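In the numbering used here, the protein residues as written are 40 to 386.
For glycine and all other residues, C-beta sits at the position ideal for the given N, C-alpha and C.
Predicted model, so just to flag it, every value in this text is computed and none were measured.
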Amino acid sequence: MSEHVSTGTDTMIRLDQVTKQYHGQDRPAVSPLTLEIKNGEFVVFVGPSGCGKTTTLRMINRLVEPTSGEIWINGQNVTHADVNELRRGIGYVIQQIGLLPHLTIADNIGLVPKLLGTPKGERHSRAADLLELVGLDPKVYAGRYPRQLSGGQQQRVGVARALAADPPIMLMDEPFGAVDPIAREKLQVEFLKLQEKIRKTIVFVTHDIDEALRLGDRIAIFDVGSRLAQFDTPLNVLTNPADDFVRDFVGAGASVRRLSLLTIGDVLAGPVGDDDHSIPLHDAVQVTLTSTVHQALELVLAARADGVCVVPDLAAEGSPTELAGSTKFIALQDLLMTASNTPGGRQ
C-alpha cells in the first residue's frame, strides 16, 4: 500500500484494522480496530480494566507495536516509520508524570528541545512561556525541583513538557488519576481552557466516565475484550447508548449528566420562556448563551430565583438583574422542560 493516503483533510489519526496479540495469550489485547480522529479533536478512550484502551493509545506512538493493521498520522503511514522521528511529533503525558528529580522544572520542560538541538536560551524562554500557559509563574517555579511541587503542579509541568516541541498530537494516559478529586476537577477545567488556546489533537485515556463526558469532543467506549462499543459525542452517548453495555457503563443519572452538556444557547434554539418583561421577578440570575443548563440550575437554586436572564455578554455570572430589552427570561419550569426536549448540545 502507498505510504500516503487521502483520509480527508481534517483527519489527523487513523487506525486501520489494528490489532495486538501478546505471545502466550489466548485472546488479543486489541481486536481489529478501525477509527479516525480529526485534527484538533479531543477524543477520550474509556472502559473497564483490560479493555485495551491504554494498549490502543500506546500503539499510536508505537510504544506498543501493533501485531497487524496500519497506523496513519496526518495522511502518512507510520506503521513502520522510524519511531524516534514519529515520537517527536507526539507529546506524551502519563499518570506517573516521569519528571527527572535531578533536573529543574525548566530543564525538565526543555528536555526534548535539548535533544533536538535547541539552544539553551531558547529552551528556557520556551519553558517560561509554557509554565505561564499551564498556570505556573516561571519566576517561582522554573528553578525548582520536582520534589518541591505538589502532585497537581507536577502534572501541569508534565503537560508543559509534552508541549515543549509543539507537537500536533498529544497522548494522555490517565494523567489526572494520581491527584485528589478536588485537584483533579480543577485540572480538568484548566486543561479544557488550555485546549481552547492550543487546539491540539488529543487522545486521552481514563476509566472514569464522568471525566470522559466532561472532557471529550467524542468518546470511544471499549467493552471487555477490546470491542469498541460506541464512538460518539458525549451527548449522544447519554441520549442514545449503542447497547446495554454502554447503558450500564454510563450508569444512572444520564439525564442529569446531560444537563452539563447542554448550553443555554441550545435551549434557546427552540421556543422557550416569555418575552414579557413586565413579569415580576425576584432575584433572577444572569447567565450567558455558553452557560450550561446545569450551571444555570445551580445558580437559580442557590439564589432561590424565579428563573434566569440570558444576557449577550456578562462579566459576573449569577448576579441579580432587572429585566431589560437586551435580555431573555426563562422561568425555572420552562428551563427544565425545554432542556429535557432539546436534542442539541456539544457535538
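Beta-bridge analysis with DSSP links residue 242 to 82 and 210. With fewer than 16 neighbouring CB atoms inside 10 Å of its own CB, residue 189 falls in the exposed class. The beta-carbon separation of residue 108 and residue 71, rounded to 7 Å, stays under the 8 Å limit for a contact. In the displayed model, residue 53 falls within a strand according to three-state DSSP.
Residue 367 and residue 53 have their C-alpha atoms spaced approximately 44 Å apart. For the pair residue 85 and residue 92, the CB atoms are nearer than the 8 Å cut-off. Taking C-alpha positions only, residue 88 is separated from residue 263 by approximately 8 Å.
In this structure, residue 243 lies near residue 81, with their beta-carbon atoms less than 8 Å apart.
Here residue 182 is actually not in contact with residue 166; their C-beta atoms are around 11 Å apart, not less than 8 Å. Contact between residue 134 and residue 259 does not hold, since their C-beta atoms are separated by about 19 Å, which reaches or exceeds 8 Å.
For residue 193, the enclosing alpha helix (DSSP H) covers residues 190-201. Residue 295: member of the alpha helix (DSSP H) spanning 293-297, first to last residue. A residue is called buried once 16 or more other Cβ atoms fall within 10 Å of its Cβ, and residue 211 is buried on that count. Fewer than three pairs of CB atoms, one per stretch, sit closer than 8 Å, so the stretch 54-69 makes no contact with the stretch 218-233.
Beta-bridge annotation (DSSP): residue 132 is paired with 211. Just so you know, the alpha carbons of residue 73 and residue 265 end up roughly 12 Å apart. Rounded to the nearest angstrom, the gap between the Cα atoms of residue 214 and residue 83 is 12 Å.
For residue 64, the closest of 106, 97 and 50 by C-alpha to C-alpha distance is 106. Between the beta-carbon of residue 196 and that of residue 138 there is about 6 Å, and that keeps the pair under the 8 Å contact cut.
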